[in-house]
Ligand SMILES: Cc1cc2nc3c(=O)[nH]c(=O)nc-3n(C[C@H](O)[C@H](O)[C@H](O)COP(=O)(O)OP(=O)(O)OC[C@H]3O[C@@H](n4cnc5c(N)ncnc54)[C@H](O)[C@@H]3O)c2cc1C
Ligand code: SF4
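Residue numbers (this note's numbering), protein chains in the order written: chain A, 1 to 293; chain B, 1001 to 1745.
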């Protein structure tokens, strides 16, 4: 593994300054960052650990809740108020990864984690998303990829993203403390810019805010074994009065808001992924049934 | 007096004839009226504390003074020619002590270790030893290898079309299958596709070499210390006396670690050049690219039977993907040997692919063959309108159907009955429903070898403290055989197993012994241990006879005491041994051969109950009833652990484990544990484990082996259970959510 500088600043401004250096990367628990660095996918010169910033509180805010960027998935999963009022978030946080990873992984790190496509993570290949010319998945084995055609067919991996999107959450960043809708944290990668995050250089997530509690919410996911498996697909549903919000991961490049009346809209499926349509519609139906009043 | 005898043993499906040295042995066979003592009592692993606390030292934990760290450059291409490499640039990196490329390293078992035309992605090309891992990595980057990519084949059907065989095709015929099939009342044909399963032992392949002027010492994570020694002697032209191989604790091997491996040769060569000890531990990825796997195989069966379900003829073929090594594992053995069936024509085609070499993997061939054939039998049962267990009963055989030899013992019918009763087999149709979650139950038979045999040697010594030291020529790959040996010795000496110190895993300690494989270890070594223990017992009783003036024949060793049979004398054994001062009483034992002309096999039956979630596609194995006939059970706790481990590994094969090779680049895309999914404890079902059968009357101590049997029927039973649940059969394993949902589409 290549060596890199490590800093753990105590103030948000210092962290922002450190992160505006070239080849600097933000780090939460490091569970994704360090493995990417190890495999040569990332070549960070410096790593800025955000866990010294005091962004690790879960606090009621108005009718909703504010969750610090470095709150761990385990702490989020253990929070009683979250369990009672934001069931979908509790369920997503408790189902992700493994107990060990949940103790290390942070909320912002989870939202900002890279795709898990097995070509992207391959030490000997440089696929399109990594800056190369070829999407190996489209010509090769994409049995677990998305339902949506595009330059990159890998899927959004974060369970929390589905839950938070259904909850209509916003994200506070170091340079936009007033918050942005969660959907705006993400962007489609393009030929010019292969990032799927819409953050400016030096900008990082400081908190996630859920403005109000739903009347009912639920998370449904399918994995490849009974523990420690990324979601093949995950669907979050939240009901606010008679308004339904449905969001999914595992089926498209970015976390996706679904139409409750037609969850499969815009997701035709690819050569090897038609099976996921059945899965998605099953999970969506189940999640909707659980939140219906 | 020692004598040389010629013996025959079946090792993982291959018959081996060997000459072995056997001592004359006066140890009485276990008389029927003799109580088993501690043999058969549940005994905690002697090394449990060391393993749990972390004080057990595995090869990968070794830290010798001045030890260097090694890394290996591996080819990123499915097939390529190395056109240039900068070995000198790597040598110039600070902290680097040795660099070797193709041509610089001795061969391993007659094969190149470092390749200039690496024939698969992950093949070793160069190796570096440096002061630190970081320096080695930096040197690796300096190697700057240039490749000319070559054409490759990673597809089984393509290889078959090209007729590129890695090993000789195997053809087997008895009777006249063609004619019998034409005449059969019922015929079914079916195909199955088995995945490549990766071993993923907890401890990767690793070696620490210390090359000195007076000889080579290699710590190796190996299932065969003596094989490792011979291989190193062969590679480096050394005498046996100058090579010592040590393996004290081992984190699994499952068949992938017979001998010192290429890693042992690389570490030794680097140590020879650097004049320092060298440690080489493979990464999980390198492990999964280069150290072996269960071969993927495509099975085709045509089965002919009478309306009563009795098998008449089978034509079968198996196309196996061996990659660049391995041999034709006995994938069609379950067809040939488990049931009575007069006419057979079987073809096994071991194909070459641009993938790492295959290796034996816990019941190699037989597990995947059982998975396929036991499902084809269920298809036959359905066609015949028979209960699947009844079909198996009807095809039971009392003699080995390929040789006509009688079995030393066989309790298969009993296994069916007990398993059916414990599983609630008769009510299995009541499990079925058409809701979201569908349940089903399926069975499969188990067949394997595993009677053990010579050579195996053991030495026992006991000193004044009355705590014996047992030295056995073997290594414990993690099965608990060490503890079982202590149990066998403790019985002879009338003490507790935890009072025995067992020394194994060192070629300088004991003469010779078996490798850990083929479910043969305990059945091989236990009689040698007992015989060594018996010699010590005899001497102790003679000493006691002199001390207490009671005839030795009226004395016994029980519960740590010397007792007279009339009950008048009860003294701690220590009272006798303390008279020894610094002297020892010693005894040696060796393993005698098995009877000629008989088939030695283990048998069993497993019944699995599954729940298939038709919404998520995820299958849950809810319960497995495992009944096995393994002769005498020495340590039920250890035996149960073997069964649990085998079942879990079988669940992995059936439900989630599968190496995926990218068709366009020929590289493995899931060589890490994130994408290659071994089961976790959350996937472990409730297991009901029973052993049927008495000690095998024809075998020394009546022991048959258990390492492999428990994995053999699990995937087939699961496959049959899934078919029972869904009313349709998945022909390709593993049964991932994707395959389940595709099948339901
Ligand atoms: C084997 C495995 C299985 C997993 N399974 C699941 C699963 O089932 N579901 C799931 O949701 N996740 C899963 N994960 C992902 C795991 O939850 C994430 O690795 C974790 O949440 C990331 O958190 P972290 O704090 O360690 O991130 P880090 O590794 O520290 O960071 C990840 C990325 O986010 C960036 N980043 C971190 N913090 C910030 C910030 N505040 N602002 C902007 N960018 C930031 C980093 O620069 C980096 O690019 C799995 C991971 C592994 C390794
Ligand atoms: S799907 Fe995306 S990440 Fe995967 S190979 Fe294609 S471009 Fe790369």
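Even for Gly, the Cβ is constructed at its ideal location relative to N, Cα and C.
Please go through the same chain and pick out, in chain order, the residues whose beta-carbon is closer than 7 Å to the beta-carbon of residue 248(A), but skip the five residues on each side of it.
Reading the first chain from its first residue, position 248 is the one you call residue 248(A). Correct list, in chain order: 162, 233, 234, 235, 256, 258, 280.
Worksheet item: Residues of chain A with a CB under 7 Å from the CB of residue 1617(B): which are they?
Response: For this step, residue 1617(B) is matched to residue 617 along the second chain. Simply 222, 279.
Pop quiz: residue 1588(B) and residue 1456(B) are said to be a contact at Cβ under 8 Å. What is the actual Cβ separation, rounded to whole angstroms? Residue 1588(B) sits at position 588 when you count from the first residue of the second chain. Residue 1456(B) sits at position 456 when you count from the first residue of the second chain. Contact doesn't hold; Cβ gap of about 12 Å is too wide.
Unbroken alpha helix (DSSP H) run spanning residue 1375(B), endpoints: To locate residue 1375(B), count along the second chain from 1; it is residue 375. Run containing residue 1375(B): 1366-1384, per the alpha helix (DSSP H) assignment.
* Asked: When the Cα atoms are used, what is the spatial distance from residue 1340(B) to residue 1713(B)?
  -> Along the second chain, read from residue 1 onward, the residue named residue 1340(B) stands at position 340. Along the second chain, read from residue 1 onward, the residue named residue 1713(B) stands at position 713. Residue 1713(B) has its alpha-carbon roughly 18 Å from the corresponding atom of residue 1340(B).
Does the Cβ of residue 37(A) lie closer than 6 Å to at least one heavy atom of ligand 1? The residue labelled residue 37(A) in the question sits at position 37 within the first chain. If you check the C-beta of residue 37(A) against ligand 1, you find no heavy atom less than 6 Å away.
Original post:
What is the DSSP secondary structure of residue 1351(B), reduced to helix, strand or coil?
Top reply: Counting from one through the second chain, the residue named residue 1351(B) turns up at place 351. If DSSP states are grouped into helix, strand and coil, residue 1351(B) belongs with the strands.
Point to revise | Euclidean distance between Cα positions of residue 1584(B) and residue 1050(B) | key: Against the second chain, residue 1584(B) aligns to sequence position 584. Against the second chain, residue 1050(B) aligns to sequence position 50. Roughly 28 Å separates the two Cα atoms.
Please name the residues in the segment 209-221 of chain A whose beta-carbon is closer than 7 Å to at least one beta-carbon of chain B, in chain order. Cβ contacts with chain B: none found.
Whose CA, out of 109(A), 65(A), 56(A), 104(A), lies closest to the CA of residue 26(A)?
For the purposes of this step, residue 26(A) is taken as residue 26 along the first chain, with counting starting at 1. Ranking 109(A), 65(A), 56(A), 104(A) by Cα distance to residue 26(A) puts 109(A) first.
| Below-7 Å beta-carbon distance, residue 1662(B) vs any chain A residue | Position 662 of the second chain holds residue 1662(B). It does: the Cβ of residue 1662(B) has a partner Cβ on chain A nearer than 7 Å.
- Going by alpha carbons, who is nearest to residue 1679(B) out of 1697(B), 1666(B), 1698(B), 1648(B)? Counting from 1 along the second chain, the entry for residue 1679(B) is found at position 679. Selected option, being the one with the closest Cα: 1648(B).
Which residues in chain A have a C-beta closer than 9 Å to the C-beta of residue 1670(B)? List them in chain order.
As a first step, residue 1670(B) is located in the second chain; it is residue number 670 there, counting from the start. Ordered by position in chain A, the residues that pass the 9 Å Cβ test against residue 1670(B) are 118.
*Run down chain B in chain order and give the residues with a C-beta less than 7 Å from the C-beta of residue 143(A).*
For the purposes of this step, residue 143(A) is taken as the residue at position 143 of the first chain. Correct list: 1738.
Inset, instruction - Say whether chain A places a C-beta atom closer than 7 Å to the C-beta of residue 1742(B). - result: Numbered from its first residue, the second chain carries residue 1742(B) at position 742. Yes, because at least one Cβ of chain A sits closer than 7 Å to the Cβ of residue 1742(B).
Starting from residue 124(A), find everything on chain B with Cβ-Cβ shorter than 7 Å and list it in chain order.
-> For the purposes of this step, residue 124(A) is taken as the residue at position 124 of the first chain. Per Cβ cutoff of 7 Å: 1076, 1667.
- Distance cut 5 Å, beta-carbon to ligand 2 heavy atom: residue list by chain order: 117(A), 119(A), 120(A), 127(A), 128(A), 129(A), 135(A), 136(A), 137(A), 152(A), 153(A), 154(A)
Just tell me which of 1697(B), 1461(B), 1378(B), 1597(B) has its CA closest to the CA of residue 1717(B). By 1-based counting over the second chain, the position of residue 1717(B) is 717. If we check each option's Cα against that of residue 1717(B), 1378(B) comes out closest.
beta-carbon residue 1674(B) near ligand 1 non-hydrogen atom, thresh 6 Å: Walking along the second chain from the start, residue 1674(B) turns up at place 674. Yes, ligand 1 has a heavy atom inside 6 Å of this Cβ.
For this session: Using three-state DSSP, classify residue 1315(B) as helix, strand or coil.
Result: Numbered from its first residue, the second chain carries residue 1315(B) at position 315. Correct three-state label for residue 1315(B): strand.
Simplified DSSP state of residue 205(A), which is helix, strand or coil: Indexing the first chain from 1 puts residue 205(A) at position 205. It is a strand residue.
For residue 1519(B), tell me which candidate among 1427(B), 1706(B), 1349(B) has the shortest Cα-Cα distance.
On the second chain, residue 1519(B) is found 519 positions in, with the first residue counted as 1. Closest by alpha carbon: 1706(B).
7 Å Cβ cutoff, residue 1132(B) in contact with chain A: Residue numbering aside, residue 1132(B) sits at position 132 when the second chain is read from its first letter. Not an interface residue.
Worksheet entry | C-alpha distance - residue 1231(B) paired with residue 1127(B), whole-angstrom precision | Counting from one through the second chain, the residue named residue 1231(B) turns up at place 231. Counting from one through the second chain, the residue named residue 1127(B) turns up at place 127. Approximately 19 Å, taken between the alpha carbons.
message = Counting C-beta neighbours from all protein chains within 10 Å, is the total for residue 1745(B) 16 or more, i.e. buried, or is it exposed?
response = On the second chain, residue 1745(B) is found 745 positions in, with the first residue counted as 1. Exposed.
### Within 7 Å, strictly: CB atoms of residue 73(A) and residue 96(A)
In the first chain, counting from the first residue as 1, residue 73(A) sits at position 73. In the first chain, counting from the first residue as 1, residue 96(A) sits at position 96. Result yes, Cβ atoms of residue 73(A) and residue 96(A) sit closer than 7 Å.
### Query
If you draw a straight line from the alpha carbon of residue 46(A) to that of residue 277(A), how long is it in whole angstroms?
Within the first chain, the letter at position 46 stands for residue 46(A). Within the first chain, the letter at position 277 stands for residue 277(A). A direct Cα-to-Cα measurement between residue 46(A) and residue 277(A) gives close to 41 Å.
Going by the DSSP bridge assignment, what does residue 6(A) pair with across the sheet? If you number the first chain from 1, residue 6(A) lands on position 6. Paired residue(s): 47(A).
Start and end of the alpha helix (DSSP H) containing residue 1587(B)?
As a first step, residue 1587(B) is located in the second chain; it is residue number 587 there, counting from the start. Careful: residue 1587(B) lies outside any alpha helix (DSSP H), inside the beta strand (DSSP E) at 1585-1590.
- Query: Taking the alpha carbon of residue 1672(B) as the point to measure from, which residue in 1198(B), 1147(B), 1022(B), 1060(B) has its own alpha carbon closest?
  - Reply: Mapped onto the second chain, residue 1672(B) falls at position 672. Ranking the options by Cα distance to residue 1672(B), first place goes to 1198(B).
Kindly identify the DSSP beta-bridge partner or partners of residue 1770(B).
Nothing about residue 1770(B) can be read from this structure; chain B reaches only from 1001 to 1745.
Practice problem: Kindly confirm or deny that the segment 1542-1550 of chain B and the segment 1559-1571 of chain B touch, where touching means at least three C-beta pairs closer than 8 Å. | Solution: yes
Check your understanding: Between the Cα of residue 1410(B) and the Cα atoms of 1704(B), 1436(B), 1061(B), which residue gives the shortest distance?
Key -> What you label residue 1410(B) is simply residue 410 of the second chain in a count that begins at 1. For residue 1410(B), the nearest C-alpha among the options comes from 1704(B).
query: Distance, Cα to Cα, residue 1399(B) vs residue 1405(B)?
result: The residue given as residue 1399(B) occupies position 399 in the second chain. The residue given as residue 1405(B) occupies position 405 in the second chain. Distance between the alpha carbons of residue 1399(B) and residue 1405(B) is about 5 Å.
Going by the CB atoms, is the gap between residue 1658(B) and residue 1734(B) shorter than 7 Å? Numbered from 1 along the second chain, position 734 holds the residue referred to as residue 1734(B). Numbered from 1 along the second chain, position 658 holds the residue referred to as residue 1658(B). Yes, the Cβ-Cβ distance between residue 1734(B) and residue 1658(B) is below 7 Å.
Between 193(A), 157(A), 138(A), 198(A), which lies nearest to residue 172(A) when the distance is taken from Cα to Cα?
As a first step, residue 172(A) must be located in the first chain, where it is residue number 172. With distances taken between Cα atoms, residue 172(A) lies closest to 198(A).
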